[in-house]
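Protein chains in written order, with the working numbering: chain A, 1 to 88; chain B, 1 to 164.
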């Protein structure tokens, strides 16, 4: 890549259960323009056809904790897109 | 302490972990695999989890219960393939008196359902299967304020708005 490290954010994205099945993958790497948030990651994911069925406002986590759509994300973060939970 | 296991769950060791001479009340909850869902016959199910986060979230839920009441709580959730009648989740809460034990036990199961990233695939008698979607509206409801560009400074998300 020719873009400088500071102008982009590269994160690992995990998909689970129904979202993983719909997308045909459980993880991917995403590079976004900085500054990035959970919402901008989701917009970028939804722009690609394999993941077009992801909801606009899914439940999300950043680095193993629930996050909001406006949570900022940085290079190296692990973003998880969580289908409706069904434990218990 | 691991909260997730693929092994069959047993209440007894969890009760033993929380009992002590000053705790006179122990409340327990077992979640058991049911043979029906929305009128369809279920033959078995499969739980999958985001393991690392599920462990972290279970730990947070137990810590919150133990901070809220004078209780000791033990929690385990099973993952993988489960047959009808098998135990999917076990909670034991011990307190000096029964009120706190019951309240903590109830709190923990409700929070587990709301917050811990675990999913359930049901296999039906007719050979089909499907991921279980919670009956009440999913998380997409009501997060519009959070998505607004002029949303206030982020704060830790409330534990009540993750929807189940």
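C-beta atoms are modelled at their ideal positions from N, C-alpha and C, and glycine is treated no differently.
In this text the structure is predicted, and so the values were computed from the model without any measurement.
Closer than 8 Å at the beta carbon, the chain A residues around residue i
i, result
"residue 31 (chain B)", "88"
"residue 96 (chain B)", "Within 8 Å Cβ-Cβ: nothing; residue 96 (chain B) doesn't reach chain A, min ~27 Å."
Alpha-carbon to alpha-carbon, residue j and residue i
i, j, result
"residue 68 (chain A)", "residue 81 (chain A)", "11 Å"
"residue 139 (chain B)", "residue 25 (chain B)", "Confidence in residue 139 (chain B) is poor, its pLDDT being 45 and thus under 50, which makes the residue's placement too unreliable to answer from."
"residue 38 (chain A)", "residue 52 (chain A)", "16 Å"
"residue 44 (chain A)", "residue 50 (chain B)", "22 Å"
"residue 7 (chain A)", "residue 3 (chain B)", "40 Å"
"residue 12 (chain B)", "residue 83 (chain A)", "33 Å"
"residue 120 (chain B)", "residue 97 (chain B)", "35 Å"
"residue 22 (chain A)", "residue 69 (chain B)", "42 Å"
"residue 40 (chain A)", "residue 32 (chain A)", "8 Å"
"residue 46 (chain B)", "residue 20 (chain A)", "15 Å"
"residue 127 (chain B)", "residue 20 (chain B)", "48 Å"
"residue 9 (chain B)", "residue 34 (chain A)", "46 Å"
Heavy atom of the ligand NAD within 8 Å of residue i beta-carbon
i, result
"residue 131 (chain B)", "Absence of the ligand NAD is noted for the structure shown, with no ligands found whatsoever."
CB contact below 9 Å: residue i versus chain B
i, result
"residue 28 (chain A)", "no"
"residue 32 (chain A)", "no"
"residue 84 (chain A)", "yes"
"residue 18 (chain A)", "yes"
"residue 80 (chain A)", "yes"
Chain-ordered neighbours of residue i on chain B, where CB pairs are closer than 8 Å
i, result
"residue 61 (chain A)", "50, 53 and 117"
"residue 45 (chain A)", "Going along chain B, no residue has its Cβ under 8 Å from residue 45 (chain A), so there is no contact; the nearest lies around 15 Å."
"residue 14 (chain A)", "50"
Cβ of residue i within 9 Å of any chain A Cβ
i, result
"residue 114 (chain B)", "yes"
"residue 88 (chain B)", "yes"
"residue 69 (chain B)", "no"
"residue 109 (chain B)", "yes"
"residue 81 (chain B)", "no"
"residue 106 (chain B)", "no"
"residue 121 (chain B)", "yes"
Neighbour list for residue i in chain A, Cβ cutoff strictly below 9 Å
i, result
"residue 77 (chain B)", "87 and 88"
"residue 47 (chain B)", "86 and 87"
"residue 56 (chain B)", "64 and 65"
"residue 133 (chain B)", "18, 83, 84 and 86"
Supposed close pair residue i, residue j - CB separation, criterion 8 Å
i, j, result
"residue 44 (chain B)", "residue 6 (chain B)", "That belief does not hold up - the Cβ atoms of residue 44 (chain B) and residue 6 (chain B) are roughly 14 Å apart, past 8 Å."
"residue 59 (chain B)", "residue 116 (chain B)", "At roughly 10 Å, the Cβ-Cβ gap does not stay under 8 Å, so residue 59 (chain B) and residue 116 (chain B) are not in contact."
"residue 122 (chain B)", "residue 133 (chain B)", "About 11 Å separates the two Cβ atoms, so there is no contact after all."
Which full runs of the alpha helix (DSSP H) of 4+ residues lie inside the region 28-58 of chain A, going along the chain? 38-46
May I have a chain-ordered list of the alpha helix (DSSP H) segments no shorter than 4 residues that lie completely inside the region 62-135 of chain B? 98-115
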